[in-house]
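Colleague: Encoded as structure tokens, here's the structure I'll be asking about.
Number of protein chains: 2
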Amino acid sequence: MQAPRIASFQPPRRTLMGPGPSDVPQRILDAMARPTIGHLDPAFSDMMEQTKSLLRYAFQTENKLTFPVSGPGSVGMETCFVNLVEPGDQVIVCINGVFGGRMLENVKRSGGVPVVVEDAWGRAVDAAKVAAAFAANPDAKLLTFVHAETSTGAQSDAAAISAIARGHGALSIMDCVTSLGGTPVLIDAWGIDAAYSGSQKCLSCTPGLSPVTFSERAIAKVKARATPVQSWFMDLNLVLGYWSGEGKRTYHHTAPINPLYGLHEALVMLAEEGIENAWARHRAEHEALKAGLEKLGLAFIVPEAERLPQLNSVTIPAGVDDAAARARLLNEFNLEIGAGLGALAGKIWRIGLMGASARRENVEYCLKALAEVIGK
Amino acid sequence: MQAPRIASFQPPRRTLMGPGPSDVPQRILDAMARPTIGHLDPAFSDMMEQTKSLLRYAFQTENKLTFPVSGPGSVGMETCFVNLVEPGDQVIVCINGVFGGRMLENVKRSGGVPVVVEDAWGRAVDAAKVAAAFAANPDAKLLTFVHAETSTGAQSDAAAISAIARGHGALSIMDCVTSLGGTPVLIDAWGIDAAYSGSQKCLSCTPGLSPVTFSERAIAKVKARATPVQSWFMDLNLVLGYWSGEGKRTYHHTAPINPLYGLHEALVMLAEEGIENAWARHRAEHEALKAGLEKLGLAFIVPEAERLPQLNSVTIPAGVDDAAARARLLNEFNLEIGAGLGALAGKIWRIGLMGASARRENVEYCLKALAEVIGK
Numbered sequence: 179m180q181a182p183r184i185a186s187f188q189p190p191r192r193t194l195m196g197p198g199p200s201d202v203p204q205r206i207l208d209a210m211a212r213p214t215i216g217h218l219d220p221a222f223s224d225m226m227e228q229t230k231s232l233l234r235y236a237f238q239t240e241n242k243l244t245f246p247v248s249g250p251g252s253v254g255m256e257t258c259f260v261n262l263v264e265p266g267d268q269v270i271v272c273i274n275g276v277f278g279g280r281m282l283e284n285v286k287r288s289g290g291v292p293v294v295v296e297d298a299w300g301r302a303v304d305a306a307k308v309a310a311a312f313a314a315n316p317d318a319k320l321l322t323f324v325h326a327e328t329s330t331g332a333q334s335d336a337a338a339i340s341a342i343a344r345g346h347g348a349l350s351i352m353d354c355v356t357s358l359g360g361t362p363v364l365i366d367a368w369g370i371d372a373a374y375s376g377s378q379k380c381l382s383c384t385p386g387l388s389p390v391t392f393s394e395r396a397i398a399k400v401k402a403r404a405t406p407v408q409s410w411f412m413d414l415n416l417v418l419g420y421w422s423g424e425g426k427r428t429y430h431h432t433a434p435i436n437p438l439y440g441l442h443e444a445l446v447m448l449a450e451e452g453i454e455n456a457w458a459r460h461r462a463e464h465e466a467l468k469a470g471l472e473k474l475g476l477a478f479i480v481p482e483a484e485r486l487p488q489l490n491s492v493t494i495p496a497g498v499d500d501a502a503a504r505a506r507l508l509n510e511f512n513l514e515i516g517a518g519l520g521a522l523a524g525k526i527w528r529i530g531l532m533g534a535s536a537r538r539e540n541v542e543y544c545l546k547a548l549a550e551v552i553g554k
Numbered sequence: 179m180q181a182p183r184i185a186s187f188q189p190p191r192r193t194l195m196g197p198g199p200s201d202v203p204q205r206i207l208d209a210m211a212r213p214t215i216g217h218l219d220p221a222f223s224d225m226m227e228q229t230k231s232l233l234r235y236a237f238q239t240e241n242k243l244t245f246p247v248s249g250p251g252s253v254g255m256e257t258c259f260v261n262l263v264e265p266g267d268q269v270i271v272c273i274n275g276v277f278g279g280r281m282l283e284n285v286k287r288s289g290g291v292p293v294v295v296e297d298a299w300g301r302a303v304d305a306a307k308v309a310a311a312f313a314a315n316p317d318a319k320l321l322t323f324v325h326a327e328t329s330t331g332a333q334s335d336a337a338a339i340s341a342i343a344r345g346h347g348a349l350s351i352m353d354c355v356t357s358l359g360g361t362p363v364l365i366d367a368w369g370i371d372a373a374y375s376g377s378q379k380c381l382s383c384t385p386g387l388s389p390v391t392f393s394e395r396a397i398a399k400v401k402a403r404a405t406p407v408q409s410w411f412m413d414l415n416l417v418l419g420y421w422s423g424e425g426k427r428t429y430h431h432t433a434p435i436n437p438l439y440g441l442h443e444a445l446v447m448l449a450e451e452g453i454e455n456a457w458a459r460h461r462a463e464h465e466a467l468k469a470g471l472e473k474l475g476l477a478f479i480v481p482e483a484e485r486l487p488q489l490n491s492v493t494i495p496a497g498v499d500d501a502a503a504r505a506r507l508l509n510e511f512n513l514e515i516g517a518g519l520g521a522l523a524g525k526i527w528r529i530g531l532m533g534a535s536a537r538r539e540n541v542e543y544c545l546k547a548l549a550e551v552i553g554k
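As you go down the protein sequences, you meet chains A and E in turn. If you're matching positions, the first sequence starts at 179 in our numbering and goes up one per residue. If you're matching positions, the second sequence starts at 179 in our numbering and goes up one per residue.
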């Protein structure tokens, strides 16, 4: 067989203002390029323990079982569902966008019996509906909801929603892929039992890792399962042997060493900045972007009180061709913004201000480019 | 919550001669540190297509569905099983080491009915036993085996084993995590229907990606499933929309962009060297290592005809403390070799000569260090 003649890949230099990945600081890229060591090397174990501490800070939790899953956010999501849903469990699933729908898929494939609570795309989850669903289904074992809907930019009141589940003795699973590091995610204060995020959003690392955290109640449920977890790779009973750090570290799979260097560095940077400062920065840049977008006549799809600062969804102006406009932004400005997903495809743009992308230069550059492309 | 005060991680510089990860060339690390772009960027799509071509070359196949799974080798393994095993399917599982045992776990968790064919750890799979298993179970739908057992260093006759499955109209799943790029892996010539590998072995990339390939017969089986694939993330029906490249690329999950730059570079380097030359290099360095190990009185556990050149398992000499010796190699020589796994823990060492680690300097350095540590 002839060897293909293909040159090294030289990616273009983009400004990333979509729904993730966000701009990755050179410091994080440099960390990823350090020498590879083994996944059972004592030096690597030390780094794993540091990463767990740093993630606890990001999640604002004391949960011992807090670590990065060796896969993208979708694997973190599936890890939560295959471990916490047992066949036959009734699960209340809140859907207000694409990722709530993906949760529903996970519930079904894990053998759960879903009870769907629907809200309009672009709106927060309505806590009153969640309360009504629990009243009608008092045996529900789990509640699942998306804190920050990446498909719309809506933020839900996690504390209120989670309290309802607690009141009914149910566990909660929360998607905080787009919120972690960008707006408050308070796992312990909110009483969340399982949460998953992604490395490539407000943590500004490269994609491919999914930070997760589990409460003691969640771990007890996993340990008490009557049926084995359907996934070997995601079975927390096995993963724990590698990530728990209690006594001897047992080989489970080969961890993605260099990407984990990158995540460690991203979390060190978050700790250096201070998470409250990171939240404030995302808020401030959102305000600046919002003012500019409104000047351009671009309307937000999410009501102000329910808006995520780090993900700004606006209606595509009448007469503007979605694909052509985004292609111009990419080709002429090296600027990536996000398209609409699912039912919102072709109707909205999603402008991300996540992690290192949440800075004034990006805001101004994006507004300038948008003005040219929509002809304002 | 107080921000943890943790410094950037500076890994030690090791010589990696365990069962993977292997030494990662600076060229690959540099590729990983290039600017992150979006997972739907047209420039990234071009790179994905190149990666698929390069992987076809590595696997020596024309299979259209050849791509890197966004997770470690264990996820590539599970992807094969959850897609190809349907509940109730009889599956013949060959076990001659740890990774055959992991296949058995995957068969069970996918709802398959396993028929186990066992061979001693350190020996190849016995084709006669496979033929007997098919004769006794003519309705078996699948055969699964490990081409290169990473836990022992034994290599099996994939062509002969796979031909038996074909003869009975069964599909074959092959683990080639440790063989791809190091010894011939001839997917089409051998008639293998599904195979998975890892990025961190003879491809010498960082860990975290799992190249897979599927024949048209395998795809037909996945498409004809009566039951949904239990995993959302690994469901090939969905993954295909992102990796197939037929028409519009559909978002499925956010691909690990920068690690994929690294894998692309590793595969470009393999194509530049020529895969036959890479095989010959692994063979030549194995011969050099073998001569040295024998001089030191270290005995191979695998009979010569069944030995993998890139993974050399030797019995730990009497009187030598396993953990202490490996700790000395790591601390005094910055040299990692592999411990025994499972039943072989404490009894053997596994010395890897994979990818960039398969070079004369490494062989000589390892022999010198071993001689000191075992007191020869």
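Just so it is clear, CB atoms sit at the ideal spot from N, CA and C, and this is done for glycine as well.
#1: How about the region 395 to 402 of chain A and the region 207 to 224 of chain A: do they share at least three Cβ pairs that are nearer than 8 Å?
#2: To the nearest angstrom, how far is it from the Cα of Glu510(A) to the Cα of Ala502(A)?
#3: If you pair each beta-carbon of the region 433 to 440 of chain A with each one of the region 254 to 266 of chain E, do three or more pairs fall below 8 Å?
#4: Take every Cβ of the region 488 to 495 of chain E, pair it with every Cβ of the region 338 to 347 of chain E, and state whether three or more of those distances are shorter than 8 Å.
#5: Taking Asn274(E) and Glu327(E) to be in contact with their CB atoms under 8 Å, please state how far apart those CB atoms are, rounded to whole angstroms.
#6: With a CB to CB cut of under 6 Å and the five nearest residues on each side skipped, what residues in its chain are close to Lys230(A)?
#7: Which residue marks the beginning of the beta strand (DSSP E) containing Ser350(A), and which one marks its end?
#8: At a Cβ cut of 9 Å, what residues of the region 386 to 412 of chain E count as close to chain A, listed as they run along the chain?
#9: Who are the neighbours of Asn606(A) on chain E, taking C-beta pairs under 9 Å?
#10: Gly369(A): which of Ala341(A), Ala396(A), Cys354(A) sits nearest, CA to CA?
#11: Just verifying my parser: in three-state terms, what is the DSSP assignment at Ala306(E)?
#12: Looking at the C-beta of Ile515(E), does it have a partner C-beta in chain A at a distance below 7 Å?
#13: Would DSSP call Thr193(E) helix, strand or coil?
#14: Anything in chain E within Cβ reach of Val178(A), meaning under 8 Å, just list it in chain order.
#15: Could you tell me which of Leu381(E), Lys468(E), Ala336(E) sits nearest to Leu445(E), measuring between CA atoms?
#16: For Phe237(E), decide whether its Cβ has a neighbour in chain A, counting only Cβ atoms nearer than 7 Å.
#17: Have a look at Glu394(A) and Ala314(A) and give me their C-alpha separation to the nearest angstrom.
#18: Given this structure, state the Cα-to-Cα distance separating Thr490(E) from Leu467(E), to the nearest angstrom.
#19: Does any residue of chain E bring its CB to less than 7 Å from the CB of Phe478(A)?
#20: Among all the DSSP beta bridges, which residues are the ones paired with Phe323(A)?
#21: Between Ile479(A) and Ile526(A), is the Cβ-Cβ spacing less than 7 Å?
#22: Which residues of chain A have a Cβ atom closer than 9 Å to the Cβ of Ile273(E), listed in chain order?
#23: Determine the DSSP secondary structure at Gly290(A), reduced to helix, strand or coil.
#24: Leaving out five residues before and five after Ala456(A) in sequence, what residues of the same chain have Cβ atoms less than 8 Å from its Cβ?
#25: Per DSSP, what kind of secondary structure is Leu272(A) in: helix, strand or coil?
#26: Please report the straight-line C-alpha distance between His217(A) and Val308(A), rounded to a whole angstrom.
#27: Nearest chain A C-beta to Thr123(E) closer than 7 Å, yes or no?
#28: Considering only the alpha carbon of each residue, which of Gly518(E), Arg537(E), Gly553(E) lies closest to Ser329(E)?
#29: Residues in its own chain within less than 6 Å of Pro203(E) by CB, not counting five upstream and five downstream?
#30: Leaving out five residues before and five after Cys559(E) in sequence, what residues of the same chain have Cβ atoms less than 7 Å from its Cβ?
#31: Identify every residue that forms a DSSP beta bridge with Trp527(A).
#32: Got a sec: which bits of the region 183 to 203 of chain A sit with their beta carbon under 8 Å from any beta carbon on chain E, in order along the chain?
#33: Give the secondary structure of Gln188(E) by DSSP, where H, G and I count as helix, E and B as strand, and everything else as coil.
#34: Can you name the residues of chain E whose CB is closer than 9 Å to the CB of Leu474(A)?
#35: Mind checking whether Met281(E) and His325(E) have CB atoms under 7 Å apart?
Modeller: This is what the structure gives:
#1: no
#2: Start at 1 with the first residue of the first sequence, and residue 510(A) comes out as number 332. Start at 1 with the first residue of the first sequence, and residue 502(A) comes out as number 324. Here the alpha carbons of Ala502(A) and Glu510(A) stand approximately 12 Å from one another.
#3: no
#4: no
#5: For the purposes of this step, residue 274(E) is taken as the residue at position 96 of the second sequence. For the purposes of this step, residue 327(E) is taken as the residue at position 149 of the second sequence. Yes, they are in contact, since the Cβ atoms of Asn274(E) and Glu327(E) sit about 6 Å apart, within 8 Å.
#6: As a position in the first sequence, residue 230(A) is number 52, starting the count at 1. The residues are Thr244, Phe245.
#7: Taking the first sequence and counting its residues from 1, the one referred to as residue 350(A) is at position 172. First-last of the beta strand (DSSP E) with Ser350(A): 349 to 353.
#8: Those residues of the region 386 to 412 of chain E that come within reach of chain A (Cβ to Cβ, closer than 9 Å) are Gly386, Leu387, Pro406, Val407, Gln408, Ser409, Trp410, Phe411, Met412.
#9: As shown, chain A starts at 179 and ends at 554. That puts residue 606(A) outside it, with no answer to give.
#10: Translated into positions along the first sequence, residue 369(A) becomes position 191. Taking only the C-alpha atoms, the option nearest Gly369(A) is Ala341(A).
#11: Within the second sequence, the letter at position 128 stands for residue 306(E). Of the three classes helix, strand and coil, the one that applies to Ala306(E) here is helix, per DSSP.
#12: The residue labelled residue 515(E) in the question sits at position 337 within the second sequence. No, its Cβ sits nowhere closer than 7 Å to a Cβ of chain A.
#13: On the second sequence, position 15 is the one that residue 193(E) refers to. Three-state result, Thr193(E): strand.
#14: Past the edges of chain A, shown from 179 to 554, lies residue 178(A), and the structure says nothing about it.
#15: Working through the second sequence from its first residue, we reach residue 445(E) at position 267. Check the Cα spacing between Leu445(E) and each of Leu381(E), Lys468(E), Ala336(E): the tightest is with Leu381(E).
#16: The residue you call residue 237(E) lines up with position 59 of the second sequence. Taking Cβ atoms only, chain A never reaches closer than 7 Å to Phe237(E), which makes this a no.
#17: The count along the first sequence starts at 1 and reaches residue 394(A) at position 216. The count along the first sequence starts at 1 and reaches residue 314(A) at position 136. Cα to Cα, the separation comes out at about 27 Å.
#18: Within the second sequence, residue 490(E) is the residue found at index 312, counting from 1. Within the second sequence, residue 467(E) is the residue found at index 289, counting from 1. Per the sequence shown, residue 490(E) should be read as Asn rather than Thr. Distance between the alpha carbons of Asn490(E) and Leu467(E): 9 Å.
#19: By 1-based counting over the first sequence, the position of residue 478(A) is 300. Taking Cβ atoms only, chain E never reaches closer than 7 Å to Phe478(A), which makes this a no.
#20: Within the first sequence, residue 323(A) is the residue found at index 145, counting from 1. Note: Phe323(A) sits in a beta bridge opposite Met352(A).
#21: What you label residue 479(A) is simply residue 301 of the first sequence in a count that begins at 1. What you label residue 526(A) is simply residue 348 of the first sequence in a count that begins at 1. Cβ distance < 7 Å, so Ile479(A) and Ile526(A) count as in contact.
#22: Here residue 273(E) refers to the residue found at position 95 of the second sequence. Simply none; closest approach about 15 Å.
#23: Here residue 290(A) is taken as the residue at index 112 of the first sequence, counted from 1. Coil at Gly290(A), not helix or strand.
#24: Residue 456(A) sits at position 278 when you count from the first residue of the first sequence. Within the same chain, and ignoring the five residues on either side of Ala456(A) in sequence, the residues whose Cβ sits closer than 8 Å to its Cβ are Gly359, Gly360, Cys380, Leu448.
#25: In the first sequence, counting from the first residue as 1, residue 272(A) sits at position 94. As written in the sequence, residue 272(A) is Cys, which differs from the Leu given in the question. Cys272(A) falls in the strand class under three-state DSSP.
#26: Looking up residue 217(A) in the first sequence gives position 39. Looking up residue 308(A) in the first sequence gives position 130. Between His217(A) and Val308(A), the C-alpha separation is close to 43 Å.
#27: There is no way to answer for residue 123(E), as the model of chain E reaches only from 179 to 554.
#28: Here residue 329(E) refers to the residue found at position 151 of the second sequence. If we check each option's Cα against that of Ser329(E), Gly518(E) comes out closest.
#29: Mapped onto the second sequence, residue 203(E) falls at position 25. Within the same chain, Pro203(E) has close Cβ partners Ala534.
#30: Residue 559(E) lies beyond the stretch modelled for chain E, which goes from 179 to 554, so this question has no answer here.
#31: Working through the first sequence from its first residue, we reach residue 527(A) at position 349. The partner list for Trp527(A) (beta bridge, DSSP) reads Val492(A), Ala517(A).
#32: Against chain E - using a Cβ distance shorter than 8 Å - the residues of the region 183 to 203 of chain A are Arg183, Ile184, Ala185, Ser186, Phe187, Gln188, Pro189, Pro190, Arg191, Arg192, Leu194, Gly196, Gly198, Pro199, Asp201, Val202.
#33: Within the second sequence, residue 188(E) is the residue found at index 10, counting from 1. Looking at Gln188(E) - three-state DSSP - the assignment turns out to be coil, as it is neither helix nor strand.
#34: Taking the first residue of the first sequence as position 1, residue 474(A) is located at position 296. What Leu474(A) touches in chain E: nothing, since even the nearest Cβ is about 23 Å away.
#35: Position 103 of the second sequence, counted from the first residue, corresponds to residue 281(E). Position 147 of the second sequence, counted from the first residue, corresponds to residue 325(E). Remark: C-beta atoms of Met281(E) and His325(E) do not approach each other more closely than 7 Å.
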